[in-house]
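Single-structure report; data block below.
2 protein chains.
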Amino acid sequence: MATNRVCKLAKRPPPGMVTRDIFAIEDQPLTEPGPGEFRVKIGYVSLDPAMRGWINESKSYVPAVGIGEVMRGYSVGIIDASNNPDFKVGECVQGLFGVQQYAISNGKQVGKADLTKAPMERWVGGLGMPGWTAYFGLLEVGQPKPGETVVVSAASGAVGSIVGQIAKLKGCRVVGIAGGAEKCRAVTHELGFDACVDYKGGNLAKDLRAACPSGIDVYFENVGGEILDAVLLQMNTFGRIPVCGLISAYNATSMPEGPRNLRCVLTQRLTMRGIIVFDWANRIPEAIRDLATWHAEGKLKIREDVRAGGIDAFPDVLNLLFTGGNNGKLVLKV
Amino acid sequence: MATNRVCKLAKRPPPGMVTRDIFAIEDQPLTEPGPGEFRVKIGYVSLDPAMRGWINESKSYVPAVGIGEVMRGYSVGIIDASNNPDFKVGECVQGLFGVQQYAISNGKQVGKADLTKAPMERWVGGLGMPGWTAYFGLLEVGQPKPGETVVVSAASGAVGSIVGQIAKLKGCRVVGIAGGAEKCRAVTHELGFDACVDYKGGNLAKDLRAACPSGIDVYFENVGGEILDAVLLQMNTFGRIPVCGLISAYNATSMPEGPRNLRCVLTQRLTMRGIIVFDWANRIPEAIRDLATWHAEGKLKIREDVRAGGIDAFPDVLNLLFTGGNNGKLVLKV
């Protein structure tokens, strides 16, 4: 009998890094799509920092994943059975299909992926949610103007790497923040940022000042904590801070400290605004169009870090996001 | 010989409450206005939390008051000598005239005060900077919509009391936060807020939840610290937080902790934005017009807490702002 290997949430995680035992991996009978539904054979699952929040019980922008439910996740795959005329067998689609080998969908909030334009994994990477997040977060909330200085934390990550490149396309001075000399080198040499500050280097404030001689106009926030504090002190008047992630706190075992320099929001009249890409759901085709065009023209480098191991590897691969072990957008090959 | 009694900044304050010895109060010879200038005999000096920041050396939205300079302050008074045709002897004017008995001005950033519409002290109170701050901060950044819940901290203070009343005029449910049963009673019974939470009552989160059954859409921030943390957890999606003041930190003797619940900015897609009233300088007549109209129609109560003692009393009266010893907009009669 055909089976579907799934990764379920077995229990709520304790504070700290995710451990294998909070997930249960098992084989289920493969089900057929009902009326109006189709089935997707998943090729790649996206690993996103947001997953750490989805398994907590606290109030958030989506309900927590329930105990015993298949772990929520963005995935991309090929339709292998369909009772829905809008979704044909053989088409490639992406959506919240979960961490499993096969998913049943009715097509709601599912996007088509054009494999003639980019390989399958890219549709959960640079042309998927991380790309859309970078696009709308930077352009709609960051509103970068030519000549301004844009700083991006987690600069070598899935979202940060694209944010910085779009800011360059818009004529900004772009400074990344990343951990370690190797990542910083990749950010400047491969992605073309003007500078990259190593937050592990021990001189964050000083290095940031040197890299941003005219101050900071836009800070695209992926990290929070001490990095946010250091950046706040160097923000220019009327600066914008799209808050995309606060990864430094996601695995905290004690309540994280907040930014001590919040007074800069007042004195410099900064705007901090949280961004969740779902809020631009009806404009995603616009993001895909621009991102794909820039990529095709060689102006936007997109780099996926594809890991093997299938569904069973999910818990370990997820933790790479929080140890900084990935190099580009982390994707699991199913 | 006629003299001008002035309050100068003698030295930088140490962290903590302001002590008398950081100011030097002395009599100077009264000077005559030069070409294009006029002289104001000051009637009232406004006491504002911002003053605590103005005497620190750290980066802010205006340069720090220099050592040996007359303390910066909003004041209102009557012109008693003039070489400027636009400012006639006998006219009442308000502006940054400083903490002193007489000021020389060239008329830049000086506003006329119409004493037929309101008594002199009100032009540094409800019809002065605190009123304008409440008006633009709430309406432009808070953007309250009818039926929404607006929470205001320091609700009995100069700005907070006006914010809440404007929000009521706009059809919102309005909840204040203030310290002590007496202030809370004044906020609901005299100012007409729907509810007021006593942050000294020991159940801030619970009391706030009871007072805001539909969550919080706009939080007008005057205080920061633990109050901000409690409010953040109850903000609704797409909520707005105009940051007008962070008074809880102004006299901190150690670096204050930041808000630990900043993740709510992300998950609820909140907008936090710092506000400084100068940024709407060209629209101040609009604020005065609306505030004066509402006041004349009995829809807006304005309450000054006028203290006697003249220039010599300034350091002690200033500290009332930080001990919560004032009751309404604090003004010093010169």
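Chains as they are written, first to last, in numbering that gives the first Met the number 0: chain L, 0 to 333; chain P, 0 to 333. From the three backbone atoms N, C-alpha and C, an ideal C-beta is built for every residue, glycine too.
Where residue i meets chain P, residues with beta-carbon distance less than 8 Å
i: L/Ser-59; result: Thr-266
i: L/Val-123; result: Going along chain P, no residue has its Cβ under 8 Å from L/Val-123, so there is no contact; the nearest lies around 21 Å.
i: L/Arg-272; result: Val-264, Arg-268, Leu-269, Thr-270, Met-271
i: L/Ile-275; result: Leu-265, Thr-266, Arg-268
Three-way DSSP call (helix, strand, coil) for residue i in this model
i: L/Ala-132; result: Per the sequence shown, residue 132 of chain L should be read as Thr rather than Ala. Note: L/Thr-132 maps to helix in three-state DSSP.
i: L/Phe-277; result: helix
i: L/Leu-126; result: coil
i: L/Met-50; result: helix
i: L/Tyr-231; result: A quick correction: the sequence has Leu, not Tyr, at residue 231 of chain L. Looking at L/Leu-231 - three-state DSSP - the assignment turns out to be helix.
i: P/Met-119; result: helix
i: P/Asp-20; result: helix
i: L/Arg-334; result: This structure cannot speak to residue 334 of chain L, because chain L is shown only from 0 to 333.
i: P/Gly-42; result: strand
i: L/Glu-225; result: helix
i: P/Arg-399; result: Examination of residue 399 of chain P is not possible in this model, given that chain P is present from 0 through 333 alone.
i: P/Arg-208; result: helix
CB-CB length for residue i against residue j, believed under 8 Å
i: P/Thr-270; j: P/Ile-240; result: 7 Å
i: P/Gly-97; j: P/Val-69; result: 4 Å
i: L/Asn-260; j: L/Asp-228; result: 5 Å
i: L/Val-75; j: L/Trp-122; result: 5 Å
i: P/Asn-83; j: P/Glu-31; result: Not quite, the Cβ-Cβ distance comes to about 13 Å (not below 8 Å), so this is no contact.
i: L/Gly-238; j: L/Ile-274; result: That pair is no contact at about 16 Å.
i: L/Pro-314; j: L/Phe-22; result: 5 Å
i: L/Ile-41; j: L/Tyr-134; result: Wrong, their Cβ atoms sit about 25 Å apart, outside the cutoff.
i: L/Gly-136; j: L/Cys-243; result: 5 Å
i: L/Gln-164; j: L/Leu-138; result: With 8 Å as the limit, L/Gln-164 and L/Leu-138 do not qualify as a contact, their Cβ atoms being about 13 Å apart.
i: L/Val-174; j: L/Cys-211; result: 6 Å
i: P/Phe-86; j: P/Ile-78; result: 6 Å
Neighbour list for residue i in chain P, Cβ cutoff strictly below 7 Å
i: L/Ile-54; result: What L/Ile-54 touches in chain P: nothing, since even the nearest Cβ is about 14 Å away.
i: L/Pro-258; result: Gly-257, Leu-261
i: L/Gly-223; result: Leu-261
Under 8 Å by beta carbon: chain L residues contacting residue i
i: P/Met-16; result: Going along chain L, no residue has its Cβ under 8 Å from P/Met-16, so there is no contact; the nearest lies around 18 Å.
Partner residues on chain L for residue i, Cβ-Cβ distance less than 7 Å
i: P/Val-242; result: Val-264, Leu-265
i: P/Asp-278; result: Arg-268
Below-9 Å beta-carbon distance, residue i vs any chain B residue
i: L/Gly-156; result: Judged by its chain identifiers, the structure shown contains no chain B, and its protein chains are L and P.
Beta-carbon neighbours of residue i, restricted to chain L and to distances below 9 Å
i: P/Ile-176; result: In chain order: nothing, as chain L lies at least about 18 Å away.
Considering only residues of the segment 136 to 206 of chain L, which uninterrupted beta strand (DSSP E) runs meet the minimum length of 3 residues and lie entirely inside it, listed in chain order?
148 to 152, 172 to 177, 194 to 197
Ordered list of alpha helix (DSSP H) runs contained in the segment 279 to 324 of chain P, each at least 4 residues
283 to 295, 313 to 322
Could I get the ranges of all uninterrupted beta strand (DSSP E) runs contained in the segment 66 to 117 of chain L, with 3 residues as the minimum, in chain order?
74 to 81, 91 to 94, 101 to 104
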